[in-house]
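Engineer:
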Amino acid sequence: MSSSEKGSLYNLSNRSFRLRGTRITEAQAKATENFWDVFGIVPDHQIIPSEIFPTSKAVIMEIGTGMGEATAEIARTFPETGFFAVEVHRPGIGSLLARINEFELKNLRLINEDARKVLEEKMDDGCLDAIHLYFPDPWHKKKHWKRRIVQRDFVDLVFRKLKVGGHIHIATDWVPYAEWSANLFGQDSRFNGGIIPKPEFRPLTRFEGKGIGKGHIVTDLKYLKL
Ligand SMILES: C[S@@+](CC[C@H](N)C(=O)[O-])C[C@H]1O[C@@H](n2cnc3c(N)ncnc32)[C@H](O)[C@@H]1O
């Protein structure tokens, strides 16, 4: 690792995601082969939401879409909204591409990269109506808290990328992570919000189901950029 990488937000020890195997099922590989060129965006240039979704009433980025169950359902519920699904895990990208095809969705684009990097380097300030962050990796152990995606610099990043009046919606099944997020967003005078009831539009994800199965309590939080 170079010295510049060591100091970077995206170095190994600060990554907000786990490095998992890239084993991909036949269905995920097939969906990737058939649909990535149509729905995938390689972030090697500036990503302009209004160019990609010219007729959409709003544009939302979901960070860490996992297998994409919630992402596809929400995009189906809101056909007039454009969605960017950002996920580092390739099998998840394949699963979501298969769902896009199954649901015949036109309002979803996928980015296979660290969402913080995409937001910081490839998206203009004030270009998003909302950010969805559903069940971010909780990083339970204290020595790993620095890997939680919600950090002070992430709050700044979210603030910069949202439009005025835009919001971030976070859901987590780890109460200490809900408290952690509430501390960071709730104590920032540039935002207004807090705990909200689970919105009807947010379906259960596989990850959420597992948490509930273990007796975890799910918290939804919403913060509006003032
Ligand atoms: C615990 S899973 C939850 C997935 C999904 N939202 C759900 O509820 O089932 C967290 C996901 O976020 C992804 N992730 C974590 N940090 C990320 C980042 N910086 N950029 C993009 N994806 C990220 C991980 O790869 C993982 O798939």
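Take UniProt numbering: the last position of the sequence shown gets the number 226, and nothing is skipped along the way.
Glycine included, each C-beta is placed from N, C-alpha and C at the ideal position.
(1) Nearer than 7 Å: is that true of the beta carbon of Val88 relative to any heavy atom of ligand 1?
(2) Any chance you could list the alpha helix (DSSP H) runs of at least 4 consecutive residues sitting entirely within the stretch 14-52, in chain order?
(3) Compute the Euclidean distance between the alpha carbons of Val218 and Lys142, then round it to the nearest angstrom.
(4) Is any heavy atom in ligand 1 found nearer than 7 Å to the beta carbon of Asp220?
(5) Does the Cβ of Gly82 have 16 or more other Cβ atoms within 10 Å, making it buried, or fewer, making it exposed?
(6) Determine the DSSP secondary structure at Arg109, reduced to helix, strand or coil.
(7) With a cut-off of 8 Å, does the C-beta of Gln46 fall near any C-beta of chain C?
(8) Taking the alpha carbon of Lys32 as the point to measure from, which residue in Gly21, His45 and Gly92 has its own alpha carbon closest?
(9) Return yes when the C-beta of Phe201 is under 7 Å from any heavy atom of ligand 1, and no when it is not.
(10) Would the beta-carbon of Ser95 be found less than 7 Å away from any heavy atom of ligand 3?
(11) Quick check: Pro136 and Ser56, are their CB atoms within less than 8 Å of each other?
(12) Go to Thr77, then tell me how far its alpha helix (DSSP H) extends in each direction, as first and last residue.
(13) What are the start and end residues of the beta strand (DSSP E) that includes Asp156?
(14) Can you tell me the Cα-Cα spacing of Cys127 and Ala58, whole angstroms?
(15) Can you name the residues that DSSP bridges to Val175?
Structural biologist: From the atom records:
(1) yes
(2) 26-39 and 49-52
(3) 21 Å
(4) no
(5) buried
(6) strand
(7) Among the chains of the structure shown, chain C does not appear; only one protein chain is present.
(8) Note on residue identity: the sequence assigns Thr, not Lys, to residue 32. Checking every option, the nearest Cα to that of Thr32 belongs to Gly92.
(9) no
(10) Of the ligands this structure carries, namely ligand 1, none is ligand 3.
(11) no
(12) Glu69 to Thr77
(13) Asp156 -> not in any beta strand (DSSP E); alpha helix (DSSP H) instead, spanning Arg152 to Lys161.
(14) 10 Å
(15) None, per the DSSP bridge assignment.
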